[in-house]
Amino acid sequence: MCTENKGISMKFAQGVIISTALLTSVAPVAAQSTAPASGVIKTSSGIDLVPSLQVGLKHDDNVVRSSTNEINSWVNTIAPALKATLVDGADSYTLTAALNNARYFSSHLDDFTDGYLEGEARISPASHHNFKLKANSSWLHEDRGTGVSEGRGLLLNDVTKYNSQLFDAEYLYGAPSSTGKIRLNSRYYNKDYDNFRDVTQYRDYDSTLFGGAFLYQTNGSIKLVASATTAEIDFKVLDLSGDRNNTDNNYRVGVEWEMSSITSGELKLGYQDKNFDRSQREDFSGFAWEAILVWQPLTYSGFDVATGRRAKDVDAVNVLGDYIIETTYGLGWNHQWSETWDSKIAYEYQTNEYNLSSRKDTGKVLTLELNKQLLRWVKIKAFANIEDRTSTLGVIEFDRNVIGLNAEFTL
2 MCTENKGISM KFAQGVIIST ALLTSVAPVA AQSTAPASGV IKTSSGIDLV PSLQVGLKHD
62 DNVVRSSTNE INSWVNTIAP ALKATLVDGA DSYTLTAALN NARYFSSHLD DFTDGYLEGE
122 ARISPASHHN FKLKANSSWL HEDRGTGVSE GRGLLLNDVT KYNSQLFDAE YLYGAPSSTG
182 KIRLNSRYYN KDYDNFRDVT QYRDYDSTLF GGAFLYQTNG SIKLVASATT AEIDFKVLDL
242 SGDRNNTDNN YRVGVEWEMS SITSGELKLG YQDKNFDRSQ REDFSGFAWE AILVWQPLTY
302 SGFDVATGRR AKDVDAVNVL GDYIIETTYG LGWNHQWSET WDSKIAYEYQ TNEYNLSSRK
362 DTGKVLTLEL NKQLLRWVKI KAFANIEDRT STLGVIEFDR NVIGLNAEFT L
């Protein structure tokens, strides 16, 4: 389970959020200019189709993220995807469908098949009116030992399955050359678990968000931003410890900049106010932030730093706590060694502090990637993920190492 922000950012291929961002956001200019474009099927209707297929083999030495009786297994994965795009003048429409199937050689209880379907429309009826509409439906899972089953993965005989739906609408007022712009957005997210209902029913929820922002372009390359959002988070079944419904308000002021091809980024500081409907629960009011700095001193090499802090809802059931204060720091390096070779390194450090106890979890993840563009339509990736989790609650501590090889095929 998650708060609105986390639910919205839920990805089909799940992973550590900031580490993933660090691995993908610092794409060196050399890499962008030399990498071959994905193959496109152009139809007479004007719709472009981009199919892709990823297959992989990896070894996971702690499948259920346990401190005892660790399960290790080889895993084969297959992930086909199809993206359809129609461009009509200033408007564009995109439909994406994807599957992700994994089979564990030594632990079939952890097998899964995820599915994802998303549609997006970008509509500009006039230069100063821009709309973005997005909807998706997902059929996903949580690995044993994560989410609702944190610290109890060995007790389950299946992964935890759930479905979710997202509807998002954004309106931007202001021409591209305008000094000031106004952005309004609304979002609905729904999550329902499918199995282990005796426990997971307490983490079914939906949330409705409304927000707005004012963006001011200075004479230079700096953009000033002020934003506010409010989200109603409603759990569908009364938790064993009482009502967890809450209103999550966020206010931010900050800057976005792109001073040159060498540096860009954003810094947003603000205040979060999380109020529970049940008066016996402890509300959160405090400092929150999000920031990312991209520095590319060379056309073929770049770094970035990311950090964030927020209060979020509790994932696991039967945990003492009304909310968790999550603080994350990340560092990434992306390097293009040649026209066909590139590497990526990311490190993330995250702490989770529970408000009603002295519990504090610390997670450290190191991600390594080496990519080879073998052919125009074949890309090979070797990777390693080294994860370490410590906690004042010993039952959820673990070490986990994953190494693997993926191949991506396009037309």
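When we follow our numbering, the leftmost residue of the sequence shown carries the number 2, and every step to the right adds one. C-beta: ideal position from N, C-alpha, C; glycine also.
{"Query": "By DSSP, does residue 223 sit in helix, in strand, or in coil?", "Result": "strand"}
{"Query": "Hey, residue 345 and residue 327: beta-carbon distance below 8 angstroms or not?", "Result": "no"}
{"Query": "From which residue to which residue does the alpha helix (DSSP H) around residue 323 run?", "Result": "From DSSP, residue 323 is part of no alpha helix (DSSP H); its letter is neither H nor E."}
{"Query": "Which of the three DSSP states, helix, strand or coil, is assigned to residue 144?", "Result": "coil"}
{"Query": "In the DSSP assignment, find the beta strand (DSSP E) that holds residue 209 and state where it starts and stops.", "Result": "206 to 218"}
{"Query": "Assuming residue 116 contacts residue 93 (C-beta within less than 8 angstroms), just tell me the rounded distance between them.", "Result": "Incorrect: roughly 24 angstroms between the Cβ atoms, too far for contact."}
{"Query": "From this set, 228, 234 and 217, which residue's C-alpha is nearest residue 207's C-alpha?", "Result": "234"}
{"Query": "May I ask you to list the residues that DSSP assigns as paired with residue 258?", "Result": "223 and 266"}
{"Query": "Whose C-alpha, out of 402, 163, 180 and 170, is nearest the C-alpha of residue 1?", "Result": "Nothing can be reported for residue 1: it is not among the residues displayed for the chain, which extend from 2 to 412."}
{"Query": "Rounded to whole angstroms, what's the CA-CA distance from residue 401 to residue 75? Just pull it up for me.", "Result": "14 angstroms"}
{"Query": "Is residue 399 near residue 66, with beta carbons less than 8 angstroms apart?", "Result": "yes"}
{"Query": "Once DSSP output is grouped into helix, strand and coil, what is the label at residue 200?", "Result": "helix"}
{"Query": "So, at 6 angstroms on beta carbons, what are the nonlocal neighbours of residue 290 in its own chain, with the 5 sequence-adjacent residues on each side left out?", "Result": "270 and 310"}
{"Query": "Less than 8 angstroms separating the beta-carbons of residue 333 and residue 347?", "Result": "yes"}
{"Query": "Residue 293 to residue 331, Cα distance in whole Å?", "Result": "9 angstroms"}
{"Query": "Where does residue 306 fall in DSSP's three states?", "Result": "strand"}
{"Query": "Could you check which residue in 86, 278, 102 and 323 has the C-alpha nearest to that of residue 95?", "Result": "86"}
{"Query": "Answer with buried or exposed for residue 17, where buried requires no fewer than 16 other C-beta atoms within 10 angstroms of its C-beta.", "Result": "Confidence is the limiting factor: at residue 17 the pLDDT is only 35, short of 50, which leaves the residue's position unreliable, though a coordinate-based value still follows. Buried: at least 16 other Cβ atoms inside 10 Å."}
{"Query": "Leaving out five residues on either side along the sequence, give the residues of the same chain with a beta carbon under 6 angstroms from the beta carbon of residue 385.", "Result": "369 and 404"}
{"Query": "Return the first residue and the last residue of the beta strand (DSSP E) that residue 169 is part of.", "Result": "161 to 174"}
{"Query": "Taking 8 angstroms as the CB-CB cut-off, is residue 97 touching chain D?", "Result": "Judged by its chain identifiers, the structure shown contains no chain D, having just a single protein chain."}
{"Query": "Rounding to the nearest angstrom, what Cα-Cα distance links residue 34 and residue 59 in this structure?", "Result": "Only weak support is given to the placement of residue 34: the predicted model assigns it a pLDDT of 37, under 50, and the value that follows is read from those uncertain coordinates. Approximately 30 angstroms, taken between the alpha carbons."}
{"Query": "I think residue 161 touches residue 114, with their Cβ atoms under 8 angstroms apart; what is that distance to the nearest whole Å?", "Result": "Between residue 114 and residue 161 the Cβ distance is about 14 angstroms, and since that is not below 8 angstroms, they are no contact."}
{"Query": "Using the C-alpha atoms, what's the distance from residue 295 back to residue 306?", "Result": "7 angstroms"}
{"Query": "Exposed or buried, which one is residue 54 when buried takes at least 16 other CB atoms within 10 Å?", "Result": "exposed"}
{"Query": "Here's the rule I'm using: 16 or more other beta-carbon atoms within 10 Å means buried, otherwise exposed. How should residue 340 be labelled?", "Result": "exposed"}
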